[in-house]
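See structure below.
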Amino acid sequence: MTIAGGIVLIMLGAILTWAVEFDIAGFDINIVGVILMIGGLAWLLFAVYRLSLARRAVPDATATTVVEDPVVQRRTYQERHYNDPPVV
């Protein structure tokens, strides 16, 4: 769902509405063009809305601070193999 998809639909609808002139019984190509332009406009507005939400949702890096507790003891683990001598 991108901005380009909405623009392509608007352009395709405009071409069908104003540049194509042929008639098929029971099918109006101009109405199809108008529907595509309206759908492209809705798509474009929705894409811009989603883009604005995505840019607003990024948290501020300066607002969060990480404090490590120096009292916390860290354990280290050694990998032992079956053939290693036992630890005494």
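Position 49, counted from 1, in the sequence shown is what the working numbering calls 52; the numbers after and before it change by one each time, with no gaps. C-beta: ideal position from N, C-alpha, C; glycine also.
Given 8 Å, three or more beta-carbon pairs between the segment 50-59 and the segment 27-38:
no
Assuming Gly43 contacts Leu12 under a Cβ cut-off of 8 Å, what Cβ separation, rounded to an integer in Å, is found between them?
The pair is a contact, with the Cβ atoms about 3 Å apart (cut-off 8 Å).
Taking the alpha helix (DSSP H) that Val11 belongs to, which residues open and close that run?
Val11 -> alpha helix (DSSP H) spans Ile6 to Ala17.
Which listed residue (Trp46, Arg58 and Ala57) has its alpha carbon closest to that of Gly8:
Trp46
Going by DSSP in three states, Phe30 sits in which element: helix, strand or coil?
strand
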